Every structure is written in structure tokens, then in C-alpha cells.
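In terms of the UniProt record's numbering, the sequence shown opens at residue 1 and continues consecutively.
For glycine and all other residues, C-beta sits at the position ideal for the given N, C-alpha and C.
All of these numbers come straight from a predicted model, not from anything done at the bench.
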Amino acid sequence: MYASEIRLEGKVGLVEFCSFEDSLHPCSNAILSANKYIRKMKGGSQSILVRANDGRHYVVKMTDNPIGPNLLANEHMGSLVAKAVGLPVAEARGICLSDSFIDSHPDLWFELPSGVRRPDKGMHFGSLFVGQTSGPDRPTEYISPSRVSMITNREVFLGMYLLDVWANHQDNRQAIFRRSSTNAQEVCFIDHGHMFGGPEWNFKENPASALHLERAVYNDLWQDEQVTSWISRFQTIIPGVLASIIPSMANEWYTGDLNELQRTLIDRLLRLQKLVNADAERTWHLSQQKSIDESPRLSDLGIRELRTPETRSAFHRTRATA
1 MYASEIRLEG KVGLVEFCSF EDSLHPCSNA ILSANKYIRK MKGGSQSILV RANDGRHYVV
61 KMTDNPIGPN LLANEHMGSL VAKAVGLPVA EARGICLSDS FIDSHPDLWF ELPSGVRRPD
121 KGMHFGSLFV GQTSGPDRPT EYISPSRVSM ITNREVFLGM YLLDVWANHQ DNRQAIFRRS
181 STNAQEVCFI DHGHMFGGPE WNFKENPASA LHLERAVYND LWQDEQVTSW ISRFQTIIPG
241 VLASIIPSMA NEWYTGDLNE LQRTLIDRLL RLQKLVNADA ERTWHLSQQK SIDESPRLSD
301 LGIRELRTPE TRSAFHRTRA TA
């Protein structure tokens, strides 16, 4: 069942918005079911990696995760909006976890200070695992400054930055890099749970919080005409996308007022040029003035450890969730 189909210009093509209404509960053929548990992922939401009945692997965030259900709504909206405006993101799907699957894999249960808690069955949010799950072809979240020039689609970092300013992203921008046969890198954006003011939908301007940790990816990308083009594209496409997403959101995936969230996002869209100007003045242009040697560097392990605000130092948690 599809809520709508929107034809977009250029390379975006046809974007479909899958409706997760009551007709899909319990686990319907319109969504996927997990049939193999792989491992638990890092991060405060305690997401898991599973194989689904389509043979592909998905990172699944569960409705009753320790952070809260709005995380799933944010992931769902962030994925579909980014895809609609032409940014590379992992495919989003509903993934059903059955009672028998959950009971057969106690390793996927939530680990809390008070003890272990069993997740609820039902439909959860799944993000397609891009690339191989293991081995030399597995994608990485780390990109060294010396390899930034090898990113074949690096220009999309500008578009993602502008989208994150609109969405008041409260976390560093997460991305994965896939190697091609020519040893070049292609970026794909992931982890949108802290968009839209974060899991509490609490909109507070937090300059620089949504930039990727490797600032070198932004070198020489800022062009006024490109910024204007992206903003115009957002203002043309996003209202219709939100109108399709909001009515089809699964009740289990959010708490609060979705209509109020939509109004806030439309207002920010109308003011986006001013929001971008203010953020860029305080963050973007300042970061471009620093030399590569002055920029902070993290190892691959360090990048993974800083993947979400919940796994960061107190300083980084404050920066990401203020």
C-alpha cells in the first residue's frame, strides 16, 4: 500500500512513501520480517543488525528503545525527506520482529542499569545496511583528510548540511563510505534519529552540532548559487513529502503532536535562508578558515565510539543534545 507517488525532477526519479497504517498490523506482507539475528550495534538506542526475509541486512531500531519512540519517526522522516531531495541515504523499511524471534535471541534484549528488558514484538524501523557486513569491502565511517578528494559525490555534503540546518539536527552528521572498484569512495548518509530537534522534538539552535566530524569534507564546497539551488529545491519538494509522511506514520513510532512538528518544519523551511546564514556565519565559514592540521582527527575506532550522543563524552553529549 502506498500513500502517494511523487515525481521529482532530475536524478531523484520516483519516490514512494510506504504507508504503515493499521492494515499492516500485525506483520503484513507489505513489510519485512527478520529471520536471522547478526549482532547488536553500538549506541544508546541499542539497535540490532538482522537479515530479513528479502535476503538483505538491516539495522533495526526498536520502538521501545531506551531513547524513545520518536527516534523511529525521526529516522523515517529523515530518510524519506533526504531521498526525496536527492541526497544519498540508506533505504528505509518496516521490519517485523516476532515473539519467537525475540525469545530466540536474548542477546538483542535491551541492557539497562536496572537489568535486561525484553523488546516488544511488532513493526520496527529498519535501515538497509549498505555494502558488506564483514570483510575488506565493508563500508567505513572514517575518512582520512588525504582521501577526501577520492569521494566521488562529495558535493552532497553541502546539501546534507543545509538539510540538517533545516531539521535542527542535534547530532554530528553520520555517513558511511563505500569503496568502488577504482578505490574511490562514495558517501551515503545514515543515522537520522537526532534530526527534527532530537528525540524530544525540542528545537534549539546548536551551531556546528550537525557537521561531519571530518571537516575536510566541506573544503571548497560553499558556493552561493549552490546554496540557493538546494534551498529552492527543499522549499519546492519538502512540503509535499511531509504531507505524505505525517498521515502514514505508525502510532508506535512517535509520541507527541506530529501536526505541530509539521508546522514547525514548514516554518523553518520558509526561514531557511536566514537560518543557514546565521549557522554558516558561526560554523561553516569559521571551520573553513582552519587548516587541516588544526582540525580534530579521530581514528576509525574513535569515530565509531562517537557514533551517537549517548556513547560520547559528557562534553560531546552536551554539544549534541543541548
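Query	Result
Exposure label - residue 23; buried when at least 16 CB within 10 Å	With a pLDDT of 35 at residue 23, under the threshold of 50, the modelled position of that residue is not reliable, and no figure is offered here.
Rounded C-alpha distance that separates residue 161 from residue 218	9 Å
Residue 29 - DSSP class collapsed to helix/strand/coil	Here the model assigns residue 29 a pLDDT of 46, short of 50, so the residue's position is not dependable, and the following value carries that caveat. In the structure shown, residue 29 sits in coil (DSSP, three-state: anything other than H, G, I, E or B).
Reduced DSSP secondary structure (H/G/I, E/B, other) of residue 169	coil
Burial state of residue 277, where buried means 16 or more other Cβ atoms lie within 10 Å	exposed
Reduced DSSP category for residue 22 - H, G, I as helix; E, B as strand; rest coil	Unreliable placement is indicated for residue 22, whose pLDDT of 36 sits below 50; no coordinate value is reported for it.
Residue(s) in a DSSP beta bridge with residue 48	40 and 60
For residue 118, three-class secondary structure by DSSP	coil
Alpha carbon of residue 130 to alpha carbon of residue 274, nearest angstrom	35 Å
Selection from 158, 50 and 57 that minimises the alpha carbon distance to residue 225	158
As assigned by DSSP and simplified to three states, the class of residue 151	strand
The segment 176-193 touching the segment 256-274, judged by at least three CB pairs closer than 8 Å	no
8 Å CB neighbourhood of residue 235 in its chain, flanking five on each side removed	269, 270 and 272
Three CB pairs or more closer than 8 Å across the segment 190-202 and the segment 68-84	yes
Residue 133, buried or exposed, once every other Cβ within 10 Å from all chains shown has been counted against 16	exposed
Three-state secondary structure (DSSP) of residue 261	helix
Residue span of the beta strand (DSSP E) that contains residue 94, given as start and end	92-97
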